[in-house]
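Letter 165 of the sequence shown, counting from 1, is numbered 160 in my numbering, and no numbers are missing.
Even glycine gets a Cβ: it sits at the ideal position worked out from N, Cα and C.
Treat the numbers as computed from the prediction; the structure is a model and nothing was measured.
The next block holds one structure in the form of structure tokens; read it before the comments.
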Amino acid sequence: MSSCDVNSCNWQPSYREASVDILQYAKFTDADDCDISVSFDRLTFPFEPNELASPAIFITAGNSVYLRLNWEKIYEICIFKLFLGNLKVWRSASKIKLISSSDSSEEVDIPVYLVQELPELMTQGVVVADEMAFFDSPDVVCFLDVEPEHMKFEDEIRELFHGGRLLSRSKDGTSLWLYREHLFLLKPFLRCDVWLAEEQSFLGEPPLWLSDFSHVVSPVYELRELRTQIFSQTGFSPHCILLLSGAAQVIDAEYVFEQWEKASVHVCCRSADKSGEYCPFVNNVVDECVSCSHSAVSLSQEDIQVLSYILN
């Protein structure tokens, strides 16, 4: 790549261009093609090994980012996924790693090209790699469809955070809220059994909750890990609340309560009548969290946009 000021120079590719007649771009609308994540040195994207032919990343002077898998597939990468300083690092890199989210074993180094703009020929038929890539309103939130069994909690949770702002929600009902200048990460637990909670990992495996009929990965562990992920990407650490179904009972809460406290995850009941010392009433817990002034956050619009997509 010849060196130049990307704000003033014309695009002069340093690699052999394909002939015009084979530049055919397909349109991709399937939401399954939107499993994308980025970091400072890599891009994870759904592709198959046989799709790669002259793969490359193009970054324009206007900060548009394009991934070319081959001469028939070029995607525009959502700019919100690059908010956390990644784009600046990518601009200074000669190569980044392209990793397949369809096949985790497939990984390849691809070149990064800085260009004034892509030629019109290369942008004909370009597909935006996520249908929520461009938005006009800061209140737009990217949600996956929520499973029907979780809808029963929706009204209750909205009432709990009345006047707050729902930033994100995943398919399993886990939601991220901004409420009275505090971030809350809330996960509903709807399994209607009697549970023995195990919070210690064994041989590196996630801890399990056990019932007479089934077992699940500890939802306390899942919340703790998700909070760690959010912190690593944004620097913000939300209050974590596991909201139990009225029919769920944790019979060893007395013995694992100290581990819940150590993990800073509040395991709560939906009703004040059924709450106890170890699984308190959720409204009381929210009020207690809000009263902690040192955990209040001040978010920029960019922070809110990034957090709005974090669970997806």
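Assuming residue i and residue j form a contact by the criterion Cβ under 8 Å, report the distance between their Cβ atoms to the nearest whole angstrom.
i    : j    : result
L180 : R222 : 6 Å
I246 : W204 : No, I246 and W204 are not in contact; Cβ-Cβ is about 11 Å, not under 8 Å.
Could you give the distance in angstroms between the alpha-carbon of residue i and the alpha-carbon of residue j?
i    : j    : result
L302 : L109 : 28 Å
E256 : R186 : 22 Å
T39  : P50  : 13 Å
V211 : I72  : 35 Å
D268 : P44  : 57 Å
S14  : I94  : Interpretation of S14 is limited by its pLDDT of 38, a score under 50 that renders its predicted location unreliable; the figure taken from the coordinates is listed afterwards. The alpha-carbon atoms of S14 and I94 are separated by roughly 28 Å.
P201 : Q254 : 14 Å
L82  : V280 : 39 Å
S259 : S286 : 16 Å
S293 : H234 : 15 Å
R265 : E217 : 20 Å
H157 : G168 : 17 Å
Short of 8 Å in beta carbon distance, which residues of its chain neighbour residue i, apart from the five on each side in sequence? Order them along the chain.
i   : result
E46 : L64, N65 and K68
V84 : F35 and D36
G57 : E112
Sort out for me which residues DSSP pairs residue i with in a bridge.
i    : result
D104 : K92
H177 : Y174
K68  : N65
T223 : Per DSSP, none; premise fails for T223.
K83  : Per DSSP, none; premise fails for K83.
C263 : L238
Cβ-heavy atom distance between residue i and the ligand ADP below 7 Å?
i    : result
E256 : Although the ligand ADP was asked about, the structure shown includes no ligands whatsoever.
Keeping to the same chain, check which residues put their C-beta closer than 7 Å to that of residue i; ignore five residues upstream and five downstream.
i    : result
F184 : P214, L237, L238, L239, S240 and A243
E249 : Y273
F252 : Y273
Beta-carbon within less than 6 Å of residue i's beta-carbon, same chain only, minus the 5 sequence neighbours each way: which residues are those?
i    : result
F226 : S232
K90  : D104 and P106
H261 : I236 and V280
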